[in-house]
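Novice: Chains as they are written, first to last, in the UniProt record's numbering: chain A, 1 to 107; chain B, 1 to 107.
Every residue, glycine too, gets a C-beta built ideally from N, C-alpha and C.
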DNA sequence: TTACTTTATCGTAATATTGCAATATAAAAT
DNA sequence: ATTTTATATTGCAATATTACGATAAAGTAA
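1. Give me the chain A residues within the contact set of residue 51/B, using Cβ-Cβ distance strictly less than 9 Å, ordered along the chain.
2. Counting C-beta neighbours from all protein chains within 10 Å, is the total for residue 60/A 16 or more, i.e. buried, or is it exposed?
3. Could you tell me which residues DSSP pairs with residue 71/A in its beta bridges?
4. From the DSSP output, in three-state form, read off residue 37/A for me.
5. Would DSSP call residue 137/B helix, strand or coil?
6. From residue 95/B to residue 95/A, what does the alpha carbon distance come to, in whole angstroms?
7. Residues of chain B with CB closer than 9 Å to the CB of residue 55/A, please, in chain order.
8. Give the range of the alpha helix (DSSP H) segment to which residue 6/A is assigned.
9. Give the secondary structure of residue 44/A by DSSP, where H, G and I count as helix, E and B as strand, and everything else as coil.
10. Which chain B residues are close to residue 83/A, counting only those with a beta carbon under 9 Å from its beta carbon?
11. List the residues of chain B that residue 29/A touches, going by C-beta distances under 7 Å, in chain order.
12. Under the three-state reduction of DSSP, which class applies to residue 102/B: helix, strand or coil?
13. Using 8 Å for Cβ pairs, my map puts residue 38/B next to residue 82/B. What's the rounded Cβ distance?
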């Protein structure tokens, strides 16, 4: 088949998986780290920093944008965007909650 | 191309991506949640709980095993395994560290 | 032994992801 | 108006993932 059977899983499980999928590529991890550590927004040097072709970076940025991790203006030549901190913290909390729920009585 | 250019990224970025990849499927999120909430080990009802075919579950379990999230004995008919808590906490910490590193001065 | 139960592996089809060249778009600079 | 600069989109090839039927393997029960 090849396509995930998303319909048989709960919204919570699907959402966490979707978020994880965005982080499931080293380029996107690197991009996220880079942007999150910038002092200002405007980051038009990603292609040099990451080392992938410009269309590829553009695609990765789009995946990141899709889950709401970027905010700013996306118009014209010089974009101006940065990490959406509210969303960032939501994701942190989502992972943290998931990993906090564990029983201790095991082999 | 289709294959990720892992060699151009740092070990840290690749590792986090690899971990995220395991969580990037709702079935694996559901499996992890189920196992982590069991009182004992032996979980031979995953196929019914998750709702995917037995070979598919087996494959997903293998992905989870690969990043060291399961411990126990994997021999014969009745497996006996559960979450490797040390590793579990390592992953929690890895995500937490990643999300904690963010600058605040932005648009 | 034979049948049963449970998990693993193989083979294969369907779909998704990754990456880039070519090209388009859109604003700024000259 | 033309060139330059920066990002987006399209199209396509290579690879990876997802899923399952068929079958194997390996222990348990009769």
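Specialist: So, from the listed chains and residues:
1. 5, 8 and 9
2. buried
3. 82/A
4. coil
5. The first residue shown for chain B is 1 and the last is 107, placing residue 137/B beyond what the model contains.
6. 7 Å
7. Correct list: empty, because the minimum Cβ distance to chain B is about 13 Å.
8. That residue, residue 6/A, is in no alpha helix (DSSP H); it is neither H nor E in DSSP.
9. coil
10. 102, 103 and 106
11. 13, 16 and 17
12. coil
13. 7 Å
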